[in-house]
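The C-terminal position of the sequence shown is numbered 305 in numbering that gives the first Met the number 0, with every residue numbered one higher than the one before it. For glycine and all other residues, C-beta sits at the position ideal for the given N, C-alpha and C.
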Amino acid sequence: MRLRLPLVYHPGYSCAWPSTHRFPMWKFSDLHAYLQTQPSVLEASTWHTPDETPPHDWFEAVHEPEYYRSFLLGSLSAAETRRIGFNEETRRPELIRRTLLECSGTVQTARLALVHGIACNLAGGTHHAHRSFGSGFTILNDLAVAAMYVRNHENVERVAIVDLDVHQGDGTASIFEGDSAVFTLSMHCGKNFPFRKSRSSLDIDVEPGTEDREYMRMLLGALPTMLSAFRPQLVLYDAGVDVFEGDQLGHLKLTHGGIFERDRYVIETCVRAGVPVACVVGGGYDRDARALARRHALVHRAAVRV
């Protein structure tokens, strides 16, 4: 009998937030509410919550302790919070707590994937956070935290991070540059943020305006080769939906059908290769909250069909 899909969520993923801010902090609770209306997902899933007090050493394994502790104390400089994009909001206790919860959720998702083969977080994908600074609406790098956690605590020697957000996973790439135990694959629009790129293990530059068929052709040429050559024991999959044709911060032209096919292909390819896959939601920007929630739910809908 097919096992049920573990989904990881905490109400603290979303917190009170300025309605005019470009980052849609409300999308995580909206995604959870939307999934509650989807019988095909609910009937095939189990719900899990992350550790609410993750230990400091999880974060200090990939972030400079001085930066990490300054964030916890609300003492980052104005220049640092401006670079993150949250300014004074960065110092709010609710924002600090939800940042820790999000990373803890991705760690829990990775743990569950190692047991069940697939698991999905309802947040995560904070791939612009570097070792000693945050950027692009991200403060701590959940993908890096989870990758290092499973290496230190779960007897995992090789982790692949497959990042299909429209923006390069520059923070993740910089944290693991030169680390042969982590393969970072970033398939992104090169003419989009960040404009100063890091070097991933494999960077795939997607041209603005790329549509479903060409996008999938590029992905099919990269993912199986990486799995065969690197032989990861876990894949962390950033299923960013800012590749959507109507996304406010993306330059690509994928349809909802194209994103669903992408997500199903990544998950199915990993499972067929015998590699557990832990999914996070990544980026997505739309003032229509319900439309954005539906879009982020594509990866969860794809996962229950694999």
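Residue environment, residue i, which counts as buried when at least 16 other CB atoms sit within 10 Å
i	result
residue 140	buried
residue 104	buried
residue 20	exposed
residue 52	exposed
residue 64	exposed
residue 0	In this prediction, residue 0 has a pLDDT of 43, which is less than 50 and means its spatial position is unreliable; what the coordinates show is noted afterwards. Exposed, because fewer than 16 other Cβ atoms sit within 10 Å of the Cβ of residue 0.
residue 265	buried
residue 176	exposed
residue 305	buried
residue 279	buried
residue 220	exposed
residue 72	exposed
residue 216	exposed
Distance CB(residue i)-CB(residue j) smaller than 7 Å
i	j	result
residue 45	residue 5	yes
residue 250	residue 193	no
residue 197	residue 182	no
residue 127	residue 134	yes
residue 171	residue 142	yes
residue 240	residue 283	yes
residue 276	residue 234	yes
residue 138	residue 174	no
residue 41	residue 295	no
residue 122	residue 12	yes
residue 204	residue 281	no
residue 7	residue 98	no
residue 162	residue 185	yes
residue 153	residue 111	no
Other residues of its chain near residue i: CB distance less than 8 Å, five sequence neighbours each side excluded
i	result
residue 60	144, 147, 148, 151
residue 180	150, 156, 157, 158
residue 116	2, 270, 275, 276
residue 67	55, 58, 59, 139
residue 214	205, 242, 251, 253, 257, 261
Cut-off 7 Å between Cβ atoms - residues of its own chain near residue i, not counting five sequence neighbours on either side
i	result
residue 262	238, 297, 298, 301
residue 306	This structure cannot settle anything about residue 306, because the visible part of the chain is limited to 0 through 305.
residue 231	157, 158, 159, 182, 274
According to DSSP, residues forming a beta bridge with residue i
i	result
residue 243	253
residue 185	162, 202
residue 64	Beta-bridge pairing links residue 64 to no other residue.
residue 5	45
residue 233	158
residue 277	118, 235
residue 210	252
Nonlocal neighbours in the same chain, by C-beta distance under 6 Å from residue i, ignoring five residues either side
i	result
residue 22	136
residue 26	291
residue 106	145, 148
residue 91	none
residue 48	9
residue 15	none
Any non-hydrogen atom of the ligand ATP within 6 Å of residue i CB
i	result
residue 45	Looking at this structure, you won't find the ligand ATP or any other ligand, since it has none at all.
Give the list of continuous alpha helix (DSSP H) stretches no shorter than 4 residues that lie fully inside the region 24-57.
Here the runs fully enclosed are 26-34, 38-41.
Every unbroken beta strand (DSSP E) within the region 110-141, with a cutoff of 3 residues, ordered by chain:
For the region 110-141, the continuous beta strand (DSSP E) assignments of 3+ residues that do not extend past its boundaries occur at 117-120, in sequence order.
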